[in-house]
């Protein structure tokens, strides 16, 4: 993609999300979603091949359907309330339709089928944008309408998302699909807490974005898209192998790492609201996610896979990619646990 076109497309994606974030008018929010969706298509088709075309088409059709449902919900709300402001939604039908539309945009179960397919079809950098930046706008709208959302609907979608995100990733060898299922599971955790404490959802989103960005950047640095190519990392760059180990365990939510903070606080908050079964179920299904992260860490850092030569020294060319944000992202994705008391006071 030529630089001027890239600048125009990127700025439209950013502007679309910003319009959604800062609008209090339903029509402006809808326009922001549309701008964002139409501008991301060229980014997804950056590597122009049939798979990218197919992925972009799937993405477009899903998002267009979600936008249509969102507009339907907005119009039902307008007919019942008489205003366009994003505030309490008095009509339960409008609230349900809008929630379902935003769940489709996020890839919450049972509308999750497009996420692994689209992520697998596009390049690593496009997949990174898809699983991080594209989640911000729908979650911000859910945050604003959280008092009017039907809790049973959202909690059901959250439970199925956590389950699908765990089961789906078990048998995968493609890294992008694994991260897509991981994203579905994380969205489930965010949806579960949305009605009870929306601020915790923001915290979870921030930590999820940092961990996913760091993981994608490490894979891009390595040019790895499968578990097999990742398993040769020990020979090429042992440090990267150990960083992938730390990040994977953090994504799985193991205690001394940053990924444990949102899981801990969400389970605590749900328990405070007299929900016992839901957090127990989510904690058990999180073990499925941890299993496939552990498979990746085992392949990357814990075993020495056979290499083409018998020497234990580097033999491939050095990567010329400049990953400027990688060190701070890795630190933030693994070492934030001591800040938990401060974060709990904020929320």
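Residue numbers (this note's numbering): 1219 to 1565. Backbone N, C-alpha and C define an ideal beta-carbon position, used for all residues, glycine too.
{"Item": "Buried or exposed by the 16-neighbour rule on C-beta atoms within 10 Å, applied to residue 1305", "Value": "exposed"}
{"Item": "Cutoff 6 Å; reference residue 1391; Cβ partners in own chain excluding five residues on either side", "Value": "1444, 1445"}
{"Item": "Beta-carbon spacing of residue 1329, residue 1319 below 7 Å", "Value": "no"}
{"Item": "According to DSSP, residues forming a beta bridge with residue 1303", "Value": "1243"}
{"Item": "Residue 1346 to residue 1434 span [Cα, whole Å]", "Value": "6 Å"}
{"Item": "Member of 1353, 1387, 1455 whose CA lies at the smallest distance from the CA of residue 1251", "Value": "1353"}
{"Item": "Residue 1502 - containing alpha helix (DSSP H), residue span", "Value": "1495-1515"}
{"Item": "Simplified DSSP assignment, three categories, for residue 1281", "Value": "helix"}
{"Item": "Candidates 1229, 1226, 1327, 1262: closest to residue 1406 by CA position", "Value": "1327"}
{"Item": "Beta-carbon proximity list for residue 1296, same chain, < 8 Å, skipping 5 on both sides", "Value": "1244, 1302"}
{"Item": "Residue range of the alpha helix (DSSP H) that includes residue 1476", "Value": "That residue, residue 1476, is in no alpha helix (DSSP H); it is neither H nor E in DSSP."}
{"Item": "For residue 1183, the first and last residue of its enclosing alpha helix (DSSP H)", "Value": "Outside the shown range of the chain, which is 1219 to 1565, sits residue 1183, and nothing can be said about it."}
{"Item": "Reduced DSSP secondary structure (H/G/I, E/B, other) of residue 1451", "Value": "helix"}
{"Item": "Nearest-angstrom Cβ-Cβ length linking residue 1413 and residue 1379, presumed shorter than 8 Å", "Value": "That pair is no contact at about 15 Å."}
{"Item": "Where residue 1392 sits in the DSSP three-state scheme", "Value": "strand"}
{"Item": "DSSP three-state assignment for residue 1521, whether helix, strand or coil", "Value": "coil"}
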